[in-house]
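Under this note's numbering, the residue at position 152 of the sequence shown is numbered 163, and the numbers go up by one with no gaps. Heads up, the thing below is written out as structure tokens.
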Amino acid sequence: KGCLAFPSNAKAHKRWRKFSLRMTNLYKVLILCVSASVKALAFSVAHVGEAKKTSGGREPSQPDKIDPSELWEADPTQASECRLIVCQITDVYTLENFASFKTLVEETKSNSEGATVVSMLTGDFLSPYLLSSVDRGAGMMNALSKIPLDYLTWGNHEADIDHKKVVSHVRNFPGKWINSNMLDHEAMESQQEYDVIELTSPDGSQSRKVGLCAVLSDDRALYSHFKAPGAFGGATLTDPWEALAKYKSILENEEDCDLVIPLQHLYVPDDHKTCRDFDFPVVLSGHDHHRVDEVVEGTRLLKPGMNAVYSTILEISWMNKEASQPRIRARFVKVDDWEPDPVLQEENERAYDALIPLRKTELARVPSSFEPLSSGNARGEVCTMGKYICSLLRSSMNVSRRQRKHDIDAVSKIGFVGNGRSFVSSPTLRFF
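Here's what the structure looks like:
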């Protein structure tokens, strides 16, 4: 409305109203479509009940890359053993699996008496998904605190919501937020550049230290769309490998750590650079949405995939004080194999009540030519959702007004498949 002079005659006024309503609906469609799944946007009573089960996030563009899995179960720690167990999830855009993850962590602790068990999420949890677009991450942060999660690290999508709200989340998080390459962040006083986990064997015969540092991608392409002052309130992201070198030296030489684990939010090629350039025995990472378990030049790279469908279970142990190297083993477990904690499950379900006002909000009718409406495999082929949105854009740009008329024959939305967070096929959906 701010770009158009209000028309003075009735004919122009009618045309202006038609254009305005059309554009308003289009913007609603585009904003919400890239925030959540098609199911979450089907605001009939039958479909909105599904909203809490859907999520955002980029569909995995590659199949899981997993070497033969190790088969082992948690067991009590030996008297002379120092053992650390890490339960890692990453890139979570739904609250659906947190109640089961809480049970997983608790059972791992009870079945591994004498071990130190920690839980962590290695970036991307505040955006992009429908619930976060409404509650600005409140439901997510409540769930993480109720697990309770021990460690959080940054993902690029934590920059997507209001910076002041993110700062508040950082300051209120009861666990440890590790940040090794964005040190001028506004809430840095509530974060740690690194952490040291101290382990002691049950019989007290030995002690070990494991250091943690965490880096986020500084790829400019991830943040180029942010207006001044920029992503993360204008904080400076430094080179992740320079940060890793810095903190590896600090943890090994000043903190006297026996082993350092880098926590990363990087794509696989960048993870491989870490594996090649350093002698870390294991790297825990996120950012890609498929699972990865592979050994690159002697370093084991582990990425559990998105949405806490799977969790990495990493076990590091020194059997006695004479052991010069730890035993390292890891596996992925299906999180929903554990019964959900009923209290947390109920809280997470209530968090989705924030979407109730949207239930009967019809944004647009779906023309029959685009049925069945689907964005499945949007990264690999033309999908009807992509065609529908591009057609809406073309029609809106071709509307005549005043002295201006566009003649657009086609719209190619470069990047749609990367930003569309809905990967559902619905043969019966008539509106959303």
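Virtual Cβ for every residue (Gly too), placed ideally from N, Cα, C.
Please say whether Glu92 and Ser328 have beta carbons closer to each other than 7 Å? Stepping through the sequence shown from its first residue, residue 328 is reached at position 317. Stepping through the sequence shown from its first residue, residue 92 is reached at position 81. Their beta carbons are under 7 Å apart, which means Ser328 touches Glu92 by this criterion.
Which of the three DSSP states, helix, strand or coil, is assigned to Ile208? As a first step, residue 208 is located in the sequence shown; it is residue number 197 there, counting from the start. Of the three classes helix, strand and coil, the one that applies to Ile208 here is strand, per DSSP.
DSSP puts Cys93 in a beta bridge; with which residues? What you label residue 93 is simply residue 82 of the sequence shown in a count that begins at 1. Note: Cys93 sits in a beta bridge opposite Trp329.
Compare the C-alpha of Arg376 against each of Ile400, Tyr162 and Asp420 and name the closest. Your numbering for residue 376 matches position 365 in the sequence shown. For the options Ile400, Tyr162 and Asp420, the alpha carbon positioned closest to that of Arg376 is the one of Ile400.
Pro292 versus Ser130: straight-line alpha-carbon distance, rounded: The residue given as residue 292 occupies position 281 in the sequence shown. The residue given as residue 130 occupies position 119 in the sequence shown. Roughly 19 Å separates the two Cα atoms.
For Ala341 and Asp304, believed in contact at Cβ under 8 Å, the rounded distance: Here residue 304 is taken as the residue at index 293 of the sequence shown, counted from 1. Here residue 341 is taken as the residue at index 330 of the sequence shown, counted from 1. About 7 Å; that satisfies the 8 Å criterion.
Can you look up Phe427 in the DSSP assignment and give me helix, strand or coil? To locate residue 427, count along the sequence shown from 1; it is residue 416. At Phe427, the pLDDT of 45 sits below 50, so the modelled position is not reliable and the matter cannot be decided from this model.
What do you reckon, are the CB atoms on Ser402 and Cys394 nearer than 7 Å? In the sequence shown, residue 402 corresponds to position 391, counting from 1. In the sequence shown, residue 394 corresponds to position 383, counting from 1. No. Outside cutoff.
In DSSP terms, what Arg340 is bridged to: The count along the sequence shown starts at 1 and reaches residue 340 at position 329. Paired residues: Glu326.
Member of Asp269, Arg338, Asp288 and Pro139 whose CA lies at the smallest distance from the CA of Val221: What you label residue 221 is simply residue 210 of the sequence shown in a count that begins at 1. When each option's Cα is compared against that of Val221, the closest is Asp269.
Among Tyr140, Phe136 and Trp165, whose alpha-carbon lies nearest the alpha-carbon of Ala154? As a first step, residue 154 is located in the sequence shown; it is residue number 143 there, counting from the start. It is Phe136.
In terms of alpha-carbon separation, which member of Thr88, Trp252 and Ser228 lies closest to Val128? Within the sequence shown, the letter at position 117 stands for residue 128. Val128 has its Cα closest to that of Thr88, out of Thr88, Trp252 and Ser228.
Every unbroken beta strand (DSSP E) within the stretch 231-299, with a cutoff of 3 residues, ordered by chain: 270-277 and 293-298
Going by other Cβ atoms of all chains shown within 10 Å of its Cβ, with 16 needed for buried, is Cys44 buried or exposed? By 1-based counting over the sequence shown, the position of residue 44 is 33. Any answer about Cys44 is weak, because its pLDDT of 43 lies below 50 and its placement is not dependable; what the coordinates show is given next. The residue is buried, with at least 16 neighbouring Cβ atoms inside 10 Å.
Nearest candidate by alpha-carbon position, reference Ile172, set Tyr140, Leu366 and Val97: Within the sequence shown, residue 172 is the residue found at index 161, counting from 1. With distances taken between Cα atoms, Ile172 lies closest to Tyr140.
Contact belief for Tyr205 with Leu277 at Cβ below 8 Å, rounded distance in angstroms: If you number the sequence shown from 1, residue 205 lands on position 194. If you number the sequence shown from 1, residue 277 lands on position 266. Actually they do not touch by this definition, with Cβ atoms about 17 Å apart.
Given Lys157 as reference, the closest of His168, Phe184, Thr372 and Lys76 once Cα atoms are compared: Looking up residue 157 in the sequence shown gives position 146. Out of His168, Phe184, Thr372 and Lys76, Phe184 has the C-alpha closest to the C-alpha of Lys157.
Report the three-state DSSP secondary structure of Tyr399 (helix, strand or coil). Against the sequence shown, residue 399 aligns to sequence position 388. It is helical.
Please confirm whether Asn318 and Val103 have their CB atoms less than 7 Å apart. Numbered from its first residue, the sequence shown carries residue 318 at position 307. Numbered from its first residue, the sequence shown carries residue 103 at position 92. Yes, the pair counts as a contact, with Cβ atoms nearer than the cut-off.
Go through the stretch 359-385 residue by residue and report every complete run of the alpha helix (DSSP H) that reaches 4 residues or more, in order. none
Tell me the residue span of the alpha helix (DSSP H) that contains Thr119. The residue labelled residue 119 in the question sits at position 108 within the sequence shown. Segment Phe109 to Asn122, the alpha helix (DSSP H) holding Thr119.
Where Arg287 and Val320 are concerned, what is the direct C-alpha to C-alpha distance, given to the nearest angstrom? Position 276 of the sequence shown, counting from 1, holds the residue named residue 287. Position 309 of the sequence shown, counting from 1, holds the residue named residue 320. Cα-Cα distance, rounded: 29 Å.
Same chain only: Cβ atoms within 7 Å of Leu255, ignoring 5 sequence neighbours per side: What you label residue 255 is simply residue 244 of the sequence shown in a count that begins at 1. Cys224, Val226, Pro273, Thr285 and Phe289, listed in sequence order.
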